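Here the structure comes first, spelled out in structure tokens, and everything after it is commentary.
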Ligand code: FES
Ligand code: FES
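Residue numbers (my numbering), protein chains in the order written: chain A, 3 to 739; chain B, 182 to 333.
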């Protein structure tokens with residue numbers, strides 16, 4: 003895992019942002035002894051911890067170094083945090099996504115902290131000629147009680163750094179933690195509130211040019227010809243040219259999403275000049291012809307059909323209805339669902355739909371690139387530099403060790419920044435211009451480029467016998483261009499006869515990961531369906547889920563059930579208690595509940611709707627989460643509150659529609675985002691106390707929000723909500739200012 | 182191109198730009214004051230909020246020629262050491278997630294508190310609804326603004 007020790011030359015650059023709020027670095031000796039890849043200590047005992055993983059608001063800049071500090075045994079307030087370089091050998095996978103940061107770094111970071119502490123103790127023991135077992139530590143200091151000797155980590159850092167990194171050091175007992183589990187403020191808080199240049203879009207070097215890209219105005223179109231003569235006459239404009247993102251026959255990796263391959267580039271001195279000059283371009287676009295692409299993803303190579311059609315939302319919806327009737331791929335089968343449905347006394351069947359969603363990160367896509375014949379430097383916001391580096395290497399025909407990627411703080415990611423087209427584009431533009439460039443997407447470029455959350459639908463059916471017992475469950479889900487179904491999740495395992503099926507319609511509209519991919523739709527549909535099913539069965543919606551979970555635990559049906567029924571039931575019981583589910587206070591509200599399991603964590607919400615100015619409004623939410631050990635509790639609460647607000651916003655207002663291939667929303671005047679006054683007044687977040695290794699947090703609270711909102715809206719209005727966004731069916735005023 | 186005199190954070194600055202250039206881009210690219218953010222360019226998101234004669238304006242939609250010699254304050258000029266009461270409240274409530282929207286949020290909050298030192302929740306909600314936060318930090322923003330109000 004870790005490279006050897008030794009003295010390390012400190013690096014500089016935009017991506018490396020020292021983060022201590024407490025230490026005046028002016029007086030610090032620039033001699034950093036590297037002890038494991040993550041820790042550096044000066045002779046004056048200044049301790050620096052590198053955050054390995056890209057930061058996009060999930061607060062890993064703070065939480066990951068806290069894990070190191072815990073095992074290293076240092077005073078957190080005296081630690082400097084710095085964004086690490088891109089170095090997968092030294093610093094691990096360096097990938098933000100799938101709610102994985104804490105999960106995948108939990109063990110390596112604890113081991114690094116513990117190994118470094120051991121190395122420091124060894125160094126002190128050697129110097130003092132005492133047995134190492136007698137050397138203790140406390141908050142960055144070393145002690146030998148018998149002889150009364152003591153010293154700082156800094157005094158022994160250079161000696162410790164020269165030794166090899168030990169393996170298998172005993173880790174602390176979770177119960178003895180004092181850094182992990184106590185709330186710490188965001189280490190970059192001061193920089194954020196004072197407007198320091200933290201983000202990729204803030205990058206600037208001497209001689210840097212600004213590039214923007216004119217992409218086709220519709221999916222299914224491509225560049226035919228252009229006339230840039232007027233554009234080139236505009237002030238500050240350097241060049242207008244086309245680039246081909248990938249050469250013919252290029253085999254795409256799973257994150258090389260290419261929406262548009264032939265791009266028209268305008269380069270100039272400043273963003274405003276380029277924006278203005280773009281308006282003078284005269285471009286002719288033409289319809290594409292159907293093609294096939296081979297994509298090499300995590301699950302091997304797949305052939306993808308790219309149809310030529312110019313898609314329109316109403317036609318897409320009609321096509322989904324038609325496809326839903328056709329035979330689909332079977333994803334899981336338990337028992338004999340057909341027979342059970344045939345003999346059912348009652349069948350409940352409901353269909354749910356959801357639109358494409360744009361990520362709308364507040365910082366639009368951008369990247370700095372400086373490519374020369376010898377090397378390539380990239381600075382900017384990306385969730386997984388290690389995934390895009392091989393692509394850059396191929397496209398630039400340059401070995402990976404000549405490519406440096408500096409990771410800046412991201413103004414949001416939500417999955418979109420795991421894709422790398424804008425880095426490839428920036429690389430090609432810089433090489434062509436023989437200059438450092440910053441590629442900037444306007445908001446309109448960002449929103450109309452694609453890589454959306456797919457458009458989905460699912461039909462759920464439940465069979466009841468004459469006594470209203472659930473005897474069979476069937477879900478058939480599809481989408482454009484993928485289906486959403488997680489076949490082995492609840493209520494799979496809890497029903498004797500179960501069938502899950504999926505189908506997909508190819509499209510030229512590109513899609514990508516969006517906060518809890520697929521789960522964000524499944525939870526919305528399935529948890530609304532369970533609510534209606536409970537009502538049909540004459541049961542309380544929490545009780546019905548708990549009964550099913552009891553069955554799944556005691557006598558599980560089928561194999562590969564992904565969830566732990568006890569932990570799932572745990573968050574439901576917890577939220578029932580915290581919200582006072584059926585108490586008299588709750589009668590003031592129209593209440594909805596939903597729960598979901600994803601990214602190895604469990605989340606349940608109770609949403610309370612009231613009427614405000616005659617319209618339904620989510621006034622308060624209770625959330626119960628089981629994500630194992632919580633690293634930084636107050637920041638974790640912030641994350642859950644944010645996921646709830648984001649969920650309400652997307653459930654009520656989110657959606658991107660198309661007409662003849664062109665997105666009908668291209669900025670926030672038409673794409674409605676949740677605003678301050680639409681956010682709940684209170685979001686009460688509780689975490690299940692747990693010693694279990696941490697699991698995901700950024701995504702799991704998000705999916706069940708949609709259904710809890712739908713179920714509460716039903717109580718408020720008497721209508722069930724099947725089609726997202728719900729705001730188009732409820733009368734909700736535009737509050738824009 | 183035109184020469185325009187600006188008064189930014191108490192300092193006189195001269196820029197030579199197209200007079201139609203939005204103040205946002207002059208701040209970010211000509212004066213290297215990058216704390217003011219670009220989010221939408223059409224006065225819909227509030228990321229670019231600055232103070233013009235003490236009032237919150239969306240700098241993406243203010244042509245630079247219209248503000249010559251008027252008093253402009255950006256996040257960089259709000260306080261010497263990041264210790265404006267609103268900035269401190271933001272840190273105390275650990276408001277930020279990604280942080281991209283927060284300078285705009287703070288500038289809107291400061292302008293609100295200047296005109297109305299003790300806003301009601303409804304007044305906070307209205308005044309802050311022009312600033313989008315995709316990360317969903319609205320509750321903490323409100324708490325931070327309330328705490329400044331009660332500290333006075
Ligand atoms: S960038 Fe000015 S309001 Fe969005
Ligand atoms: S903190 Fe990320 S957009 Fe507000």
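A virtual CB, placed ideally from N, CA and C, is assigned to each residue, including glycine. Values in this document were obtained by computation on a predicted structure and should not be read as measured data.
Which chain A residues are close to residue i, counting only those with a beta carbon under 8 Å from its beta carbon?
| i | result |
| --- | --- |
| residue 203 (chain B) | 274 |
| residue 235 (chain B) | Result: empty, since nearest Cβ-Cβ is about 18 Å, beyond 8 Å. |
Against residue i, what residues of chain B qualify as contacts under a CB-to-CB distance less than 7 Å, listed in chain order?
| i | result |
| --- | --- |
| residue 65 (chain A) | The premise fails here: residue 65 (chain A) is roughly 12 Å from chain B at the closest Cβ pair, so nothing lies under 7 Å. |
| residue 728 (chain A) | Those within 7 Å of residue 728 (chain A) in chain B number zero; the least Cβ separation is about 18 Å. |
Look at the alpha carbon of residue i and the alpha carbon of residue j, and state the distance between them as a whole number of angstroms.
| i | j | result |
| --- | --- | --- |
| residue 176 (chain A) | residue 700 (chain A) | 22 Å |
| residue 739 (chain A) | residue 285 (chain B) | Model confidence at residue 739 (chain A) stands at a pLDDT of 38, short of 50, so the residue's coordinates are unreliable; what they give is reported in the following sentence. So the two alpha carbons sit approximately 15 Å from each other. |
| residue 460 (chain A) | residue 387 (chain A) | 35 Å |
| residue 562 (chain A) | residue 341 (chain A) | 23 Å |
| residue 368 (chain A) | residue 432 (chain A) | 13 Å |
| residue 295 (chain B) | residue 328 (chain B) | 14 Å |
| residue 304 (chain A) | residue 418 (chain A) | 21 Å |
| residue 65 (chain A) | residue 264 (chain B) | 25 Å |
| residue 434 (chain A) | residue 353 (chain A) | 51 Å |
| residue 528 (chain A) | residue 462 (chain A) | 7 Å |
| residue 93 (chain A) | residue 220 (chain A) | 41 Å |
| residue 272 (chain B) | residue 191 (chain A) | 6 Å |
| residue 621 (chain A) | residue 686 (chain A) | 11 Å |
| residue 180 (chain A) | residue 72 (chain A) | 7 Å |
| residue 78 (chain A) | residue 277 (chain B) | 20 Å |
| residue 224 (chain B) | residue 239 (chain B) | 6 Å |
| residue 266 (chain B) | residue 235 (chain B) | 16 Å |
| residue 256 (chain A) | residue 474 (chain A) | 37 Å |
| residue 7 (chain A) | residue 144 (chain A) | For residue 7 (chain A), the predicted structure reports a pLDDT of 33, less than 50, and the residue's modelled location is therefore unreliable. A value from the coordinates is still provided. Their Cα atoms are separated by approximately 20 Å. |
| residue 288 (chain A) | residue 363 (chain A) | 30 Å |
| residue 525 (chain A) | residue 216 (chain B) | 38 Å |
| residue 332 (chain A) | residue 503 (chain A) | 5 Å |
| residue 191 (chain B) | residue 252 (chain B) | 7 Å |
| residue 635 (chain A) | residue 69 (chain A) | 13 Å |
Report the neighbours of residue i on chain A: residues whose CB is nearer than 7 Å to its CB, in chain order.
| i | result |
| --- | --- |
| residue 320 (chain B) | 643, 681, 685 |
| residue 272 (chain B) | 187, 191, 192, 195 |
| residue 228 (chain B) | 364 |
Determine the chain B residues that contact residue i at a beta-carbon separation under 8 Å, and present them in chain order.
| i | result |
| --- | --- |
| residue 200 (chain A) | 280 |
| residue 504 (chain A) | Result: empty, since nearest Cβ-Cβ is about 30 Å, beyond 8 Å. |
| residue 268 (chain A) | Result: empty, since nearest Cβ-Cβ is about 15 Å, beyond 8 Å. |
| residue 43 (chain A) | The contacting residues do not exist; residue 43 (chain A) stays about 27 Å from chain B at best. |
Which residues does DSSP pair with residue i in a beta bridge?
| i | result |
| --- | --- |
| residue 183 (chain B) | B:198 |
| residue 63 (chain A) | Beta-bridge pairing links residue 63 (chain A) to no other residue. |
| residue 783 (chain A) | Outside the shown range of chain A (3 to 739) lies residue 783 (chain A), about which nothing can therefore be said. |
| residue 618 (chain A) | A:613 |
| residue 454 (chain A) | A:513 |
| residue 335 (chain A) | A:501 |
| residue 350 (chain A) | A:464 |
| residue 625 (chain A) | A:607, A:687 |
Using a Cβ cut-off of 9 Å, pull out every chain B residue sitting near residue i, in sequence order please.
| i | result |
| --- | --- |
| residue 363 (chain A) | 279, 281, 315 |
| residue 203 (chain A) | 209, 215, 218, 219, 281 |
Could you tell me if the beta carbon of residue i falls within a distance shorter than 7 Å of some heavy atom in ligand 3?
| i | result |
| --- | --- |
| residue 209 (chain B) | Absent from the structure shown: ligand 3. Ligands present: ligand 1 and ligand 2. |
On a Cα-Cα basis, can you pick out the residue from the options that is closest to residue i?
| i | options | result |
| --- | --- | --- |
| residue 595 (chain A) | A:617, A:611, A:587 | A:611 |
| residue 201 (chain A) | A:85, A:709, A:216, A:716 | A:85 |
| residue 271 (chain A) | A:719, A:212, A:104, A:253 | A:212 |
| residue 609 (chain A) | A:683, A:565, A:72, A:444 | A:683 |
| residue 170 (chain A) | A:121, A:204, A:214, A:400 | A:121 |
| residue 513 (chain A) | A:731, A:484, A:617, A:587 | A:484 |
| residue 708 (chain A) | A:649, A:233, A:450 | A:649 |
Residue i touches chain A at which residues, Cβ-Cβ below 9 Å?
| i | result |
| --- | --- |
| residue 172 (chain B) | Only positions 182 to 333 of chain B appear in the structure, and residue 172 (chain B) is not among them; the question remains open. |
Between the stretch 207 to 240 of chain A and chain B, which residues of the former have a C-beta closer than 7 Å to a C-beta of the latter?
237
Proximal residues, the stretch 558 to 587 of chain A versus chain B, C-beta separation under 7 Å
none
Selection of the stretch 436 to 459 of chain A by Cβ proximity to chain B, strictly under 9 Å
442, 444, 445, 446
Where the stretch 397 to 428 of chain A meets chain B: residues whose CB sits under 9 Å from a CB there:
411, 412, 413, 414, 415, 416
Identify each residue in the stretch 125 to 152 of chain A for which the Cβ-Cβ distance to at least one residue of chain B is less than 9 Å, and report them in chain order.
none
Along the stretch 659 to 676 of chain A, what residues have a CB closer than 8 Å to any CB found in chain B?
669, 670, 671, 675, 676
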